[in-house]
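Written out below as structure tokens is the structure these notes cover.
2 protein chains.
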Amino acid sequence: MDTRRRLIESTRELLWERGYVGTSPKAIQERSGAGQGSMYHHFRGKPDLALAAIRASADEMRARAEAAFDEPGPVVGRVAAYLRRERDALKGCPVGRLTQDPDVMADPKLRAPVEETFARLTGRLAGLLAEGQADGELGTGLDPSATATALVAVLQGGYVLARAAASAEVYAHAVDGALALLAAAAPREEGR
Amino acid sequence: MDTRRRLIESTRELLWERGYVGTSPKAIQERSGAGQGSMYHHFRGKPDLALAAIRASADEMRARAEAAFDEPGPVVGRVAAYLRRERDALKGCPVGRLTQDPDVMADPKLRAPVEETFARLTGRLAGLLAEGQADGELGTGLDPSATATALVAVLQGGYVLARAAASAEVYAHAVDGALALLAAAAPREEGR
DNA sequence: GTCTATAACCTGATAGAC
DNA sequence: GTCTATCAGGTTATAGAC
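Residue numbers (the numbering used here), protein chains in the order written: chain A, 48 to 239; chain B, 48 to 239.
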């Protein structure tokens with residue numbers, strides 16, 4: 048891996064672990080093994096490097112979600128597979144985490160990838176739920192957009208509760224609760 | 048308001064806005080109008096002051112939740128009132144926010160009030176849901192604990208999505224989606 | 001209780017040699 | 001491309017006068 052790539056990867060990890068405010072150029076240099084001169088050769092400064100790292104995290108998150116949603120099978124199963132996908136719940140979401148960083152939210156360039164990631168994710172999930180309604184798999188009483196927003200919120204909030212309790216099981220518990228509610232909204236019971 | 052109280056209040060605000068890592072003693076002193084000497088007279092240092100501020104936020108959050116849950120009326124209505132209570136969704140949750148602060152999570156003293164706040168909140172809500180089931184207001188197919196965890200997660204995740212979109216409406220949308228799911232799980236329709 | 005002085009280190013960069 | 005030197009200001013205190 049070349050120096051530029053190592054800088055981005057190290058920044059990605061540090062943003063995930065400590066956020067933008069908590070991540071110093073010095074820490075990035077130490078983790079990546081790059082010197083001060085290298086960092087400022089490849090990037091204009093901390094915001095520029097952070098932007099590259101945030102975009103990389105956003106792209107990866109989107110790709111993972113798409114992969115789960117594109118699986119074959121019934122809609123509810125795909126949603127469940129996405130929510131129950133293997134995750135390190137205690138680490139939290141690398142993109143959602145950034146919403147708590149005042150310096151990221153204050154900079155339109157840094158905020159844009161975060162905003163777009165959740166807009167696309169929620170939109171894609173809403174489309175999937177509407178598809179389920181068209182197939183008769185889900186009741187038509189639900190608003191696909193509001194339901195999708197609630198489901199994504201359970202994910203993001205599940206991370207918060209898991210970290211608060213220092214227990215990944217709390218995340219799974221929240222997801223179970225959400226999926227049970229979704230199942231109760233199905234017009235007929237289907238095999239799980 | 049005396050100096051000690053002003054120091055705690057200023058720290059509360061700054062922890063909410065910028066987190067623990069992003070809050071410096073200097074910023075606390077400037078906002079509170081207290082000098083360096085004052086701050087170190089009343090508190091041993093940043094962690095000690097943060098602990099007092101975190102406890103104050105946790106106490107306030109708990110009191111607000113209890114007030115909503117203790118209202119008269121049907122269970123679903125009380126839950127809806129809690130979720131829809133007037134909030135500044137873009138500011139996020141002053142306690143949930145702390146789960147993203149590595150220095151807070153790493154210190155057992157600082158983490159304890161955060162953990163306890165969510166444990167109590169989820170437990171109380173689960174009790175309320177169980178009460179609704181006993182009254183026949185809610186279907187008995189749901190696990191009260193998992194449902195309560197999911198609902199609190201919608202709250203916390205709703206803040207994340209609202210901040211990502213820079214729109215408080217996204218929070219309301221997530222809550223609407225969750226309440227619609229809960230309503231769909233009710234054995235019979237009741238006035239909203 | 002509050003004030004100023006001091007300190008050792010960190011932050012986020014710029015400059016220029018190699 | 002990478003290195004070291006340098007810098008103005010911030011961080012998180014401690015010490016002691018008032």
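Cβ atoms here follow ideal geometry from the backbone N, Cα and C, with glycine treated the same way.
Query: Under 9 Å by beta carbon: chain B residues contacting G179/A; Result: The contacting residues do not exist; G179/A stays about 14 Å from chain B at best.
Query: Beta-carbon separation (whole angstroms), V68/B vs D154/B, contact threshold 8 Å; Result: Contact doesn't hold; Cβ gap of about 12 Å is too wide.
Query: Sufficient close CB pairs (3 or more, under 8 Å) joining the segment 194-201 of chain A to the segment 194-203 of chain B; Result: yes
Query: Inter-residue spacing [alpha-carbon to alpha-carbon] between L61/A and L228/B; Result: 37 Å
Query: Interfacial residues, the segment 159-183 of chain B to chain A, with Cβ spacing under 8 Å; Result: V161, E162, T164, F165, A166 and T169
Query: Residues that A211/A contacts on chain B, provided the C-beta gap is smaller than 7 Å; Result: T146, V161, E162 and F165
Query: Status (buried if at least 16 other CB within 10 Å, exposed otherwise) for P160/B; Result: buried
Query: Reduced DSSP category for E133/B - H, G, I as helix; E, B as strand; rest coil; Result: coil
Query: Amino acids of chain A, ordered along the chain, whose beta-carbon sits closer than 9 Å to that of E64/B; Result: P149
Query: Per-residue DSSP class, three states only, for E184/B; Result: coil
Query: Alpha-carbon spacing of G143/A relative to T194/A, whole angstroms; Result: 19 Å
Query: Reference V151/A; option with closest CA among I55/A, T70/A, M48/A and S57/A; Result: T70/A
Query: Own chain partners of R125/B with C-beta closer than 7 Å, once the 5 adjacent residues on each side are dropped; Result: A115, F116, E118 and L175
Query: Three CB pairs or more closer than 8 Å across the segment 98-111 of chain B and the segment 207-221 of chain B; Result: no
Query: C-beta atoms of G183/B and W63/B nearer than 9 Å; Result: no
Query: R91/B, DSSP secondary structure in three states; Result: coil
Query: Cβ-Cβ distance between A128/B and A232/A below 9 Å; Result: no
Query: Environment of H52/B [buried if 16+ CB atoms lie within 10 Å]; Result: The sequence shown places Arg at residue 52/B, rather than the His named in the question. The residue is exposed, with fewer than 16 neighbouring Cβ atoms inside 10 Å.
Query: Contacts around Q76/B, its chain only, beta-carbon distance under 7 Å, and the 5 residues preceding and following it disregarded; Result: G82, Q83 and M86
Query: Inter-residue spacing [alpha-carbon to alpha-carbon] between G92/B and K73/B; Result: 12 Å
Query: Local conformation of S79/B per DSSP, three classes; Result: helix
Query: Chain A within 9 Å of R239/B, Cβ atoms only; Result: Confidence at R239/B is low in this model, with a pLDDT of 39, below 50, so the placement of that residue is unreliable and no value is reported for it.
Query: Between the CA atoms of A219/A and P141/B - distance to the nearest angstrom; Result: 24 Å
Query: Other residues of its chain near A173/B: CB distance less than 6 Å, five sequence neighbours each side excluded; Result: P191, S192 and A195
Query: Within chain A, partners of A115/B - CB distance below 8 Å; Result: Here the premise fails: no neighbours, minimum Cβ distance about 18 Å.
Query: Reference L96/B, options T164/B, S57/B and A230/B, closest by Cα; Result: S57/B
Query: Assigned secondary structure, T138/A (DSSP; H/G/I helix, E/B strand, else coil); Result: According to the sequence as given, residue 138/A is Lys; it is not Thr. Three-state result, K138/A: coil.
Query: Neighbour flag for L157/B against chain A, beta carbons, 9 Å; Result: no
Query: Outcome for A105/B when other beta-carbon atoms lying within 10 angstroms are tallied against a minimum of 16; Result: buried
Query: Within-9 Å CB hit, L208/B to chain A; Result: yes
Query: Beta-carbon neighbours of T196/B, restricted to chain A and to distances below 7 Å; Result: L208, V217, H220, A221 and G224
Query: Segment limits, alpha helix (DSSP H) that includes A193/B; Result: P191 to A212
Query: Alpha-carbon spacing of E237/A relative to E113/A, whole angstroms; Result: Summary for E237/A: the model assigns pLDDT 43, below 50, so the residue's position carries little reliability; its value from the coordinates is reported in the next sentence. C-alpha separation (whole angstroms): 24 Å.
Query: Contact under 9 Å by Cβ, T146/A with H89/A; Result: no
Query: Three-state class that DSSP yields for G119/B in the structure shown; Result: A small correction: the amino acid at residue 119/B is Pro; Gly does not occupy that position in the sequence shown. In this structure, P119/B counts as coil in the three-state DSSP scheme.
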